[in-house]
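Residue numbers for the sequence shown follow this note's numbering, so the first one is 11 and each next one is one higher. Ideal Cβ placement from N, Cα and C applies to all residues, glycine included.
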Amino acid sequence: MHHRAIRKTHIELNSDEHKQTMNSQDAQPLNEGIHIADMNRLLRFIRRETGIIVKNHQAEKLQATVIKGCQRFRCPSPVDFIEGVINGPADSAMLRYLIGEVTIGESYFFRDIGQMNYLENEYLPQLIDSRKNRTRALRVWSAAASQGQEIYSIAIMLCRLLPDIDDWELNLIGSDIDSDALRRAALGAYGNWSFRNVPSELKKAFFHPKGDTLQLSARVRKLVRFAQLNLICPKSSLIANKIYNMDLVLCRNVFIYFDENDTRKILKRIVGALAPGGVLMLGPSDLINPEIDGLEIHSGENFFYYVKTSKPRPTAQPPAEHSARRPTPARDIINSVHLPATQQSNPATPPDRGDTGQIRQTMLDLVKNENWGKTIELAKKNQIIVNHSADLLFYQARAEANLGRTQNAMERCTQSLALDNTYAPAHLLHALLLCENGAAQEAKNALQRTLFLAPDLIEAHYQLGVILIAEGNLKRGVKSLKNALSLAKNRDTGAPDDLQLIAALEQEIALYGNSL
11 MHHRAIRKTH
21 IELNSDEHKQ
31 TMNSQDAQPL
41 NEGIHIADMN
51 RLLRFIRRET
61 GIIVKNHQAE
71 KLQATVIKGC
81 QRFRCPSPVD
91 FIEGVINGPA
101 DSAMLRYLIG
111 EVTIGESYFF
121 RDIGQMNYLE
131 NEYLPQLIDS
141 RKNRTRALRV
151 WSAAASQGQE
161 IYSIAIMLCR
171 LLPDIDDWEL
181 NLIGSDIDSD
191 ALRRAALGAY
201 GNWSFRNVPS
211 ELKKAFFHPK
221 GDTLQLSARV
231 RKLVRFAQLN
241 LICPKSSLIA
251 NKIYNMDLVL
261 CRNVFIYFDE
271 NDTRKILKRI
281 VGALAPGGVL
291 MLGPSDLINP
301 EIDGLEIHSG
311 ENFFYYVKTS
321 KPRPTAQPPA
331 EHSARRPTPA
341 RDIINSVHLP
351 ATQQSNPATP
361 PDRGDTGQIR
371 QTMLDLVKNE
381 NWGKTIELAK
391 KNQIIVNHSA
401 DLLFYQARAE
411 ANLGRTQNAM
421 ERCTQSLALD
431 NTYAPAHLLH
441 ALLLCENGAA
451 QEAKNALQRT
461 LFLAPDLIEA
471 HYQLGVILIA
481 EGNLKRGVKS
491 LKNALSLAKN
501 RDTGAPDDLQ
511 LIAALEQEIA
521 LYGNSL
């Protein structure tokens, strides 16, 4: 197919209507088969759905992308390609292709060496030292992960810094709007361009040849999960993706795509996702106002970063209808590691062993301290006793789940419920595991059973809300989130975890509430 050379045009953002337009006559063709009116529709769609502003210098590339997309997807004309993008499914191949072309997917390992050195030599070692005798948990989010080099760089650092890494609970997540890039990230295979900052000893330790690429080792890949996320879209829930209370957020070279208003919105979400004292790192091209609400700017040698300030707010007063109720202890509303641990089940008749009570107390202490490896080790040593107690099986299932052993966790959870079908924590864990496996309807049924048995479980209200919203039932979904918020406020002790939980819920309700 032959096309005339693409004529340069000017693209600008109409700040009054927040629409991108080309300043030529709409009926005037840019090249064979494509008109300015069609391009304007595409520009407005890109802005509306992604928040991305196509800059003046990108106009020519966008037009070329449309022509190439027309050929790639065998569309009769460029306007058919544009129609396919605008009216097609939310994750259509055409839309994925377009997003991949209008965003910059280029990255490499250990990019911005000043920031990387600070993280590996100062911040992460200090964080590890403060957690090693306490929670042994770390949370890191790469907010524009592209093909994964950035979040994998952090994972490699942690492999080097944590000789006992299997005993830690790591929540390392990379998100991006480009689902095709995330698929490549999950594969973990890279060409030479990605390694220009990687010493040879690191390449030998963590990569192996695979064709004309280097493959990241499975032990590093398994530490990281990826999620498609649109930073500007309220329906892209941070909490649903377990992104909150983060110790470190990397959001580098992102704000080149957004205007000042959308940049403020995204930064507000990021600040809400950070734990008090958490660190935010931006890229050198992110030219934003250095004063960000809730953050303090710090500088190192040739780099800067932000730290979330701890500003405690007054303890919220609970709604009157909940004033007489106290929720079941559940410190974290989204992470299965914080399911209630104090409710004892109705055990089946156990073997005649005098140490059952001691095993129960020891397992409970290990669970409270989030020592998952030792919880499983103790359970296996005493499996005969554990197999006769629903709550002990639940503790074992919970530990397995937090170490990513979903199938084992599901089996132990099923055993627990077979012994005591009224044990609410096991129903809740079962629901969360079903959510992880994508069985939304089964998970919803399990959550409803959970709330019948224990109507004050914050996690159950939250997860039910997420499922309902995903189904398109915003009204009922937001109501469930509000139930979770009311219970969280009622329990609020003023501790950082409770304050963070309440702030995160309030933010999600505001985002979804605006969509009603």
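Out of curiosity, what's the CA-to-CA distance linking residue i and residue j?
i              : j              : result
leucine 463    : glutamine 425  : 18 Å
aspartate 272  : asparagine 412 : 35 Å
alanine 453    : lysine 214     : 43 Å
leucine 292    : isoleucine 276 : 12 Å
isoleucine 62  : aspartate 269  : 8 Å
leucine 233    : tyrosine 472   : 26 Å
leucine 511    : aspartate 90   : 46 Å
histidine 332  : asparagine 500 : Residue confidence for histidine 332 is low, a pLDDT of 32 falling below 50, so the modelled location carries little weight; the figure read from the coordinates is stated next. Cα to Cα, the separation comes out at about 7 Å.
leucine 134    : tyrosine 405   : 30 Å
cysteine 169   : isoleucine 266 : 32 Å
lysine 485     : tyrosine 118   : 43 Å
proline 337    : glycine 448    : Interpretation of proline 337 is limited by its pLDDT of 32, a score under 50 that renders its predicted location unreliable; no figure is taken from the coordinates.
leucine 444    : isoleucine 138 : 32 Å
glycine 475    : glycine 282    : 20 Å
glutamine 159  : threonine 223  : 14 Å
alanine 400    : arginine 370   : 11 Å
asparagine 50  : glycine 221    : 43 Å
arginine 82    : alanine 480    : 32 Å
glutamate 469  : cysteine 80    : 46 Å
aspartate 77   : serine 102     : Before going further, note that residue 77 is isoleucine rather than aspartate in the sequence given. Going from the Cα of isoleucine 77 to the Cα of serine 102 covers about 18 Å.
serine 227     : leucine 180    : 17 Å
leucine 305    : tryptophan 203 : 34 Å
glycine 287    : glutamine 136  : 12 Å
asparagine 418 : serine 246     : 30 Å
aspartate 303  : glutamate 132  : 25 Å
glutamate 446  : glutamate 301  : 38 Å
So the candidates are the options; which of them puts its Cα closest to the Cα of residue i?
i              : options                           : result
threonine 385  : His398, Ile394 and Leu403         : Leu403
glutamate 421  : Ala434, Tyr433, Ala407 and Thr432 : Ala407
leucine 8      : Thr432, Glu111, Ala450 and Val488 : With the chain covering 11 to 526 only, the question about residue 8 has no answer from this structure.
isoleucine 109 : Lys71, Trp178, Ser490 and Thr319  : Lys71
valine 488     : Asp375, Arg141, Ala520 and Ile175 : Ala520
glycine 383    : Pro99, Ile175 and Ser189          : Ile175
histidine 45   : Gln73, Leu509 and Cys85           : Gln73
tryptophan 178 : Ala409, Trp151 and Ser87          : Ala409
isoleucine 253 : Asn312, Ser152 and Leu491         : Ser152
arginine 58    : Gln136, Cys243, Glu301 and Pro219 : Cys243
alanine 434    : Gln458, Glu446, Ala419 and Asn418 : Gln458
asparagine 312 : Gln136, Met126, Ser246 and Asn251 : Met126
arginine 84    : Met104, Gly98 and Pro99           : Met104
Whose C-beta lies closer than 7 Å to the C-beta of residue i among residues of the same chain, with five residues either side of it excluded?
i           : result
glycine 310 : Gly124 and Tyr128
leucine 478 : Arg486, Gly487 and Ser490
leucine 438 : Leu349, Thr460, Leu467, Glu469 and Ala470
glycine 98  : Met104 and Leu105
Looking only at its own chain, which residues have a Cβ that is under 8 Å from the Cβ of residue i, when we skip the five neighbours before and after it?
i             : result
arginine 235  : Leu182, Ile183 and Gly184
histidine 308 : Phe314, Tyr315, Tyr316 and Val317
arginine 121  : Gln159, Glu160, Ser163, Asn207 and Arg262
leucine 388   : Ile369, Thr372, Met373 and Leu376
Could you pull out every residue in the same chain whose Cβ sits closer than 6 Å to the Cβ of residue i, ignoring the five residues on either side in sequence?
i              : result
isoleucine 96  : Phe55
glutamine 157  : Ala191, Arg194 and Ala195
serine 436     : Per the sequence shown, residue 436 should be read as alanine rather than serine. Once the five neighbours on either side are set aside, the close Cβ partners of alanine 436 are Phe404, Cys423, Ser426 and Leu427.
leucine 52     : Ile92
leucine 509    : none
asparagine 392 : Ile369
alanine 250    : Val476
leucine 94     : For clarity, residue 94 is glycine in the given sequence; the question names leucine instead. Counting only Cβ-Cβ distances below 6 Å, and skipping sequence neighbours, we find Met104.
Does the separation of the CB atoms of residue i and residue j fall below 9 Å?
i              : j                 : result
glycine 198    : glutamine 238     : no
alanine 154    : leucine 241       : yes
threonine 366  : isoleucine 395    : yes
histidine 440  : alanine 456       : yes
isoleucine 166 : valine 230        : yes
arginine 130   : leucine 172       : Correcting the residue identity first, residue 130 is glutamate in this sequence and not arginine. Result no, Cβ atoms of glutamate 130 and leucine 172 do not sit closer than 9 Å.
tyrosine 200   : phenylalanine 217 : yes
arginine 106   : aspartate 188     : yes
asparagine 255 : arginine 149      : yes
threonine 75   : glutamate 111     : yes
arginine 274   : leucine 248       : no
Count the C-beta pairs between the stretch 203 to 210 and the stretch 250 to 263 that are closer than 8 Å, then say yes if the count reaches three, no if not.
-> no
Is the stretch 486 to 503 close to the stretch 514 to 521, with three or more CB pairs under 8 Å?
-> yes
Kindly confirm or deny that the stretch 363 to 383 and the stretch 141 to 155 touch, where touching means at least three C-beta pairs closer than 8 Å.
-> yes
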